[in-house]
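Engineer: Heads up, the sequence shown is in the working numbering, so the first residue is 197 and it goes up one at a time. Note that the Cβ used here is the ideal one computed from N, Cα and C, for glycine as well. These numbers were taken from a predicted model, which means no experiment stands behind them. Sharing a structure with you now.
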Amino acid sequence: MINLRQVKSLLAVVETGSVNKASETLCLAPSSVSAQLRELSSGLGISLFESAGRGLVLSSAGRQLLPKFQRLLALNEQITAQAQALVSEPTGELRLYAPSSMCIYRLPVLIELLQTTAPGIELHLQHDPFDYRQALADRSIDAAVVVIDKAEPGCNQQEIAEEEVIYVTHPELVVKRRLAPGQLMDRALITTEPGCSYRVAAGIHFRQHGLRLAPRQSFSNVEVIRRCLLAKMGVGLLPRCVVSEDITAGRLQEQKVHGAPYRFKSTVIWPQETEVSARLNAFLQVIREHRLR
197 MINLRQVKSL
207 LAVVETGSVN
217 KASETLCLAP
227 SSVSAQLREL
237 SSGLGISLFE
247 SAGRGLVLSS
257 AGRQLLPKFQ
267 RLLALNEQIT
277 AQAQALVSEP
287 TGELRLYAPS
297 SMCIYRLPVL
307 IELLQTTAPG
317 IELHLQHDPF
327 DYRQALADRS
337 IDAAVVVIDK
347 AEPGCNQQEI
357 AEEEVIYVTH
367 PELVVKRRLA
377 PGQLMDRALI
387 TTEPGCSYRV
397 AAGIHFRQHG
407 LRLAPRQSFS
417 NVEVIRRCLL
427 AKMGVGLLPR
437 CVVSEDITAG
447 RLQEQKVHGA
457 PYRFKSTVIW
467 PQETEVSARL
477 NAFLQVIREH
487 RLR
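And the structure:
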């Protein structure tokens, strides 16, 4: 059985080139370092070192195993650091990106819960227009809240809620029957900006019917679209969470359309190779414990 004391002794000898120098680094007796090397070699059934003058160098087998010994020690340090972070209250800045729909209609309740469970965290929130993929790559943000219909490559993810994107309008403008996409072309259609996942889904839907999506107006902020709909300016494409209260109150009404709603998931994503900080872990824990609908 390998233990960490043996690995530390091996790496110290590799770094210093001798048992005596390694013992000074580790504050151990040379006999203790030698015993740990013998136990490690015996346990593995191979010779890890060979003599080189007055010093020691790794054998061929030792050189092949060295990267794994190094990773083992690094992993131990990561586990220790994360454990210490878990028992202490996380503090500092948590940097997130979220589109306007999430900033306004999904995150407030989660932020309030985070402030209760981890009051030492300062949340810094970026919103559109913003290149969150580049920001994740250069680590200028810790995570991004996105609305997606498939996994983001190279990222871990934590689902927040299932999202429906619907067509909605003022009750005085609604058509009682379910419309075909082509019939929407005769209406003043208001969507989010090009490249937005909602609009991309609508564009694919329209192309499946041999049509080109051509909105009358487009805005990057969902609240602007909502205000336009309340002012009877047309039919909008919005996540249901943005207009659910308006629909319940009768201020707006869903316009039924064949092939809609479009289904997504609001999700927190962060790079796979990135260690999850105590701050981000606290936010993810809030999401796991308080599932939104």
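1. Taking GLU399 as part of the alpha helix (DSSP H), name the residues at either end of that continuous run.
2. When DSSP labels each residue in this structure, what does VAL431 get in the three-state scheme?
3. To which residues does DSSP link GLN449 through a beta bridge?
4. In chain order, which alpha helix (DSSP H) runs of at least 4 residues are fully inside the segment 291 to 342?
5. Taking the straight line between their C-alpha atoms, what separation do you get for THR221 and VAL210?
6. Cα separation between SER416 and THR388?
7. Exposed or buried, VAL342, counting other C-beta atoms within 10 Å across all chains shown (16 or more means buried)?
8. Near TYR458, which residues of its chain fall below 6 Å by C-beta distance, leaving aside the five closest residues on each side in sequence?
9. Give me whichever residues DSSP pairs with PHE460 in a beta bridge.
10. Mapping the DSSP letters down to three states, classify THR276 as helix, strand or coil.
11. In three-state terms, what does DSSP make of PRO411?
12. May I have the straight-line CA-CA distance separating HIS366 from GLY430, to the nearest angstrom?
13. For LEU254, which beta-bridge partners are listed by DSSP?
14. In the DSSP output, which residue or residues are listed as bridge partners for GLY288?
15. Could you tell me the alpha carbon to alpha carbon distance between GLU368 and LEU425, rounded to whole angstroms?
16. Just the Cα atoms here: how many angstroms apart are VAL364 and GLN322?
17. Exposed or buried, SER205, counting other C-beta atoms within 10 Å across all chains shown (16 or more means buried)?
Structural biologist: In this structure, then:
1. Within the sequence shown, numbered from 1, the residue matching residue 399 stands at position 203. The sequence shown places Gly at residue 399, not Glu. Unbroken alpha helix (DSSP H) run through GLY399: 393 to 404.
2. As a position in the sequence shown, residue 431 is number 235, starting the count at 1. DSSP places VAL431 in strand when its eight states are reduced to three.
3. Walking along the sequence shown from the start, residue 449 turns up at place 253. GLN449 pairs with THR365.
4. 296 to 301, 303 to 313 and 328 to 333
5. As a working mapping, residue 221 is identified with position 25 in the sequence shown. As a working mapping, residue 210 is identified with position 14 in the sequence shown. Cα to Cα, the separation comes out at about 12 Å.
6. Residue numbering aside, residue 416 sits at position 220 when the sequence shown is read from its first letter. Residue numbering aside, residue 388 sits at position 192 when the sequence shown is read from its first letter. Approximately 5 Å between the Cα atoms of the pair.
7. Here residue 342 refers to the residue found at position 146 when the sequence shown is read from its first residue. VAL342 is buried by the Cβ-count criterion.
8. The count along the sequence shown starts at 1 and reaches residue 458 at position 262. Closer than 6 Å at Cβ, skipping near neighbours: VAL361 and ALA397.
9. Here residue 460 refers to the residue found at position 264 of the sequence shown. Note: PHE460 sits in a beta bridge opposite GLU359.
10. Along the sequence shown, read from residue 1 onward, the residue named residue 276 stands at position 80. Residue state, collapsed to three classes: helix.
11. For this step, residue 411 is matched to residue 215 along the sequence shown. Coil, per DSSP.
12. Numbered from its first residue, the sequence shown carries residue 366 at position 170. Numbered from its first residue, the sequence shown carries residue 430 at position 234. Answer to the nearest angstrom: the Cα atoms are 8 Å apart.
13. Within the sequence shown, numbered from 1, the residue matching residue 254 stands at position 58. Bridge partners of LEU254: PHE245.
14. Counting from one through the sequence shown, the residue named residue 288 turns up at place 92. According to DSSP, GLY288 bridges with ILE317.
15. Looking up residue 368 in the sequence shown gives position 172. Looking up residue 425 in the sequence shown gives position 229. Computed Cα separation, rounded: 11 Å.
16. Stepping through the sequence shown from its first residue, residue 364 is reached at position 168. Stepping through the sequence shown from its first residue, residue 322 is reached at position 126. For VAL364 and GLN322, the distance between alpha carbons rounds to 27 Å.
17. Position 9 of the sequence shown, counted from the first residue, corresponds to residue 205. Classification of SER205: buried, given that the 10 Å Cβ count is 16 or more.
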